[in-house]
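Number of protein chains: 6
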Amino acid sequence: MTEHTQQATGNEQSRYDRGWDKLKTIDGQAGERVIASLQDIAPDLGRYVIEYAFGDIYSRPTLDSRQRQLVTLATLTTQGGCEAQLHVHVNASLNVGLTTAEIVEAIMHCSPYTGFPRVLNAMTVAKQVFQERGLLPLV
Amino acid sequence: MTEHTQQATGNEQSRYDRGWDKLKTIDGQAGERVIASLQDIAPDLGRYVIEYAFGDIYSRPTLDSRQRQLVTLATLTTQGGCEAQLHVHVNASLNVGLTTAEIVEAIMHCSPYTGFPRVLNAMTVAKQVFQERGLLPLV
Amino acid sequence: MTEHTQQATGNEQSRYDRGWDKLKTIDGQAGERVIASLQDIAPDLGRYVIEYAFGDIYSRPTLDSRQRQLVTLATLTTQGGCEAQLHVHVNASLNVGLTTAEIVEAIMHCSPYTGFPRVLNAMTVAKQVFQERGLLPLV
Amino acid sequence: MTEHTQQATGNEQSRYDRGWDKLKTIDGQAGERVIASLQDIAPDLGRYVIEYAFGDIYSRPTLDSRQRQLVTLATLTTQGGCEAQLHVHVNASLNVGLTTAEIVEAIMHCSPYTGFPRVLNAMTVAKQVFQERGLLPLV
Amino acid sequence: MTEHTQQATGNEQSRYDRGWDKLKTIDGQAGERVIASLQDIAPDLGRYVIEYAFGDIYSRPTLDSRQRQLVTLATLTTQGGCEAQLHVHVNASLNVGLTTAEIVEAIMHCSPYTGFPRVLNAMTVAKQVFQERGLLPLV
Amino acid sequence: MTEHTQQATGNEQSRYDRGWDKLKTIDGQAGERVIASLQDIAPDLGRYVIEYAFGDIYSRPTLDSRQRQLVTLATLTTQGGCEAQLHVHVNASLNVGLTTAEIVEAIMHCSPYTGFPRVLNAMTVAKQVFQERGLLPLV
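This is the structure:
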């Protein structure tokens, strides 16, 4: 453990705690595993994901959890090469109440903007998650 | 003119008409200008944007217009180099009823995923659109 | 099933049929497997690939099939993260008559534009396809 | 000036000369201006463009100049943010004998792979070049 | 324990203050202008840039300021479409003591990885900054 | 075999020899395996990697080997989809004397610029290399 991670008090602690609660609510055990995988190499990176991505951004008002997952699915689909993160966030999308049809539709909506290959890659991840959760066939 | 552009009847006509209506509703005159700009070089490309992006994708059920613009803002912010399209779609987002705060928030939500530079570039476009429509300052 | 998928008559049917014929001619069984894999999650996405990518774009005049595969190899190599699609289209390139040397050359030509890593990744896919078809060594 | 730039003899000189001839043939004065613009900041970068891109890659057999420009148009369209280079290479495409229709078609062919925004951006560049050379309207 | 994590609200205030000091030291007035431009649309985004990018990341030990700018030049060159941010960080690189030759070299080193177009675009930005600061010609 | 590969004399031979020595010093056996894997499909591509990437770029003065690896880690992390190349270059970074902490820090420094997913993907590669070399846990 680096010296950075040892103790955070006051507001910074609350960012961390708020973020950790958010991460567990949204990403579930898959999110916890990402953080755990960083402990022996870059624990501060895990802390930044918790504090910045979840304690700051996901904790903001204005967009609800389902709207945030629509945005997240689109940004990950478009980047490409983020299949591991998409796996976490297709699960997260289900966790916060998006339907399988909405997840499929959000990915498909990216096709005129980012082309079929990235959309097909994301759909392959969605299919895998839906299979793991016994949600197929959809149609 | 290729043979494809000559006559579209039946369903293909309805795709075109449905897409054109959608495009005008969502993107307004900015969308019409994109199509017009293609007339002397690649009119079929304009037709495909109308038919596929708007007649097929935007006309689908499951996600409403505001949800689709959240996804669109995220995919365009993440791609980078799509400032012209973002300008059209920040306007489109307002046209379908997203608030300025929701637009800002959708762009900001991409920051843990795609980094600050692409988010700052998208926010610069949003700021320009809001200024053009007399919506600044937000806060 | 959405209302769009129900019946396609007239021109829209011909787009689908024309696209399906093209896809089978160009991509062969690998293309059919991509479409089949979407049946239980997003059959409309498969339909759009058939109709738009193959029924509209690949069915256009001006460039012949070999020229189109040169363009396809370049766009997929450059995007990165599209190894699955490159596997289909290296096969497609052979199917339409590009030689192994032309395929290698098209990928290599991208190196001053997109750098060695993406080119090496694409070449790894080409090597795998050539091995599967008993075409190695080239030199 | 680094030691590398000082003297190139034998084969290395021939790479440079061969590349410089290719660059002038293909890219014309626009290519020469790119090289000239680097003289007071990074002349070696200009030399590498000449030697590697043109002396090595563009001088290879197997694909002719028109095929290489099809690949080049696709890789630049797909990358995004390369409008300056596209301007050079739409001109280059005309210089080596691609027709305006073929250039438009190559850019359009990328749309199922990389989406409409990058394709629209590339088409805007093509339109500008065609206007500058008095080639519009095409249709 | 580094100074970062010690106490907030303190600590959160100290992240902001530490980040603001860093941003002013590294990016100078150009960085301040970026933050100022966000005040009427997304001031929280400016705060996150200060807190996360500068208060957290740039304030870490292990790499010194010149090493961090080498990494920053490479990530911005490679992303593409980040000319505005590159302009800030070519200036920042000079501010922390990188020489013009080192800046040019870092950008050029990306060429085998990301290709010539992104490298040429970054070099154009470097040239502009060097001209603005009266540092040309280099050679 | 093309005519280019046949004989390289004088300076071109020295580029090749200089590059091959550099590649072996920096990338070690992993680099040699990349070149070897190209022998039966695109040996010229291997030669260009040796000559341009290592004989030209890595052999330049101004930045030392550790600085070059910082730049390389950043460009590969940012591109995404280059896990194979990152595996080679995390090893290379250790080979030229960067510490595990510096490698982790360089990857982490990209997070405000390119977002967490690409940084997490790169950190996964670094973790794998460190494990293979018995260097974990770091902290």
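One line per chain: the protein sequences are A, B, C, D, E and F, in this order.
Residue 105 in full-length UniProt numbering sits at position 105 of the first sequence, and the numbers go up by one each step.
Residue 113 in full-length UniProt numbering sits at position 113 of the second sequence, and the numbers go up by one each step.
Residue 40 in full-length UniProt numbering sits at position 40 of the third sequence, and the numbers go up by one each step.
Residue 77 in full-length UniProt numbering sits at position 77 of the fourth sequence, and the numbers go up by one each step.
Residue 26 in full-length UniProt numbering sits at position 26 of the fifth sequence, and the numbers go up by one each step.
Residue 63 in full-length UniProt numbering sits at position 63 of the sixth sequence, and the numbers go up by one each step.
Even for Gly, the Cβ is constructed at its ideal location relative to N, Cα and C.
Quick caveat: nothing in here was measured; it's all calculated off a predicted structure.
Cβ-based burial, residue i [other Cβ within 10 Å; buried from 16]
i                      : result
F:P137                 : exposed
residue 177 of chain A : Coverage of chain A is limited to positions 1 through 139, which leaves residue 177 of chain A absent and any answer about it impossible.
B:P61                  : exposed
E:R33                  : exposed
B:E105                 : buried
E:R133                 : exposed
residue 143 of chain F : The displayed coordinates of chain F run from 1 to 139. Any statement about residue 143 of chain F would go beyond what the structure contains.
Cutoff 9 Å: residue i Cβ touching any chain B Cβ
i     : result
C:Y58 : no
E:I41 : yes
E:Q29 : no
D:G80 : yes
CB contact below 9 Å: residue i versus chain E
i      : result
D:V125 : no
A:Y113 : no
F:L38  : no
D:C110 : no
Any chain D beta carbon closer than 9 Å to residue i
i      : result
E:N121 : yes
A:F130 : no
C:T72  : yes
B:Q85  : yes
Close Cβ partners of residue i (< 7 Å) along its chain, the five nearest in sequence each way excluded
i      : result
F:R18  : G55, S59
B:L23  : G31, I50, F54
E:T100 : F130, L135, L138
F:I26  : Y58, S65, A92, N95, V96
E:Q69  : H89, A92, S93, V96, L98
B:I107 : L73, T77, V119, A122, M123, A126
D:L45  : L38
Backbone secondary structure at residue i - three-state DSSP
i                      : result
E:D17                  : helix
F:Y113                 : helix
F:P61                  : coil
F:P43                  : helix
E:G31                  : helix
C:G55                  : helix
D:V119                 : helix
A:V71                  : helix
B:V96                  : coil
A:V139                 : coil
residue 148 of chain D : Residue 148 of chain D is absent from the model: chain D starts at 1 and stops at 139.
E:L38                  : coil
E:T124                 : helix
Cut-off 6 Å between Cβ atoms - residues of its own chain near residue i, not counting five sequence neighbours on either side
i     : result
E:N91 : A30, V129
B:R15 : E51, G55
B:W20 : I50
Chain A contact for residue i (CB, 9 Å cutoff)
i      : result
E:E12  : yes
C:A92  : no
E:D44  : yes
B:P137 : no
CB contact check: residue i to chain F, cutoff 9 Å
i      : result
D:R66  : no
E:L76  : yes
D:Q15  : Note on residue identity: the sequence assigns Arg, not Gln, to residue 15 of chain D. At least one chain F Cβ lies under 9 Å of D:R15.
C:R118 : yes
Close beta carbons around residue i, own chain, < 8 Å, minus the five adjacent residues each side
i     : result
A:L76 : C82, Q85, L86, H89, A122
B:E3  : Annotation note: pLDDT 33 at B:E3 (below 50); position unreliable, coordinate value reported separately. Contacts found: none.
Distance cut-off 8 Å: residue i Cβ against heavy atoms of the ligand NAD
i     : result
E:S14 : Although the ligand NAD was asked about, the structure shown includes no ligands whatsoever.
is_contact[residue i, chain C] using C-beta, thresh 9 Å
i     : result
D:T25 : no
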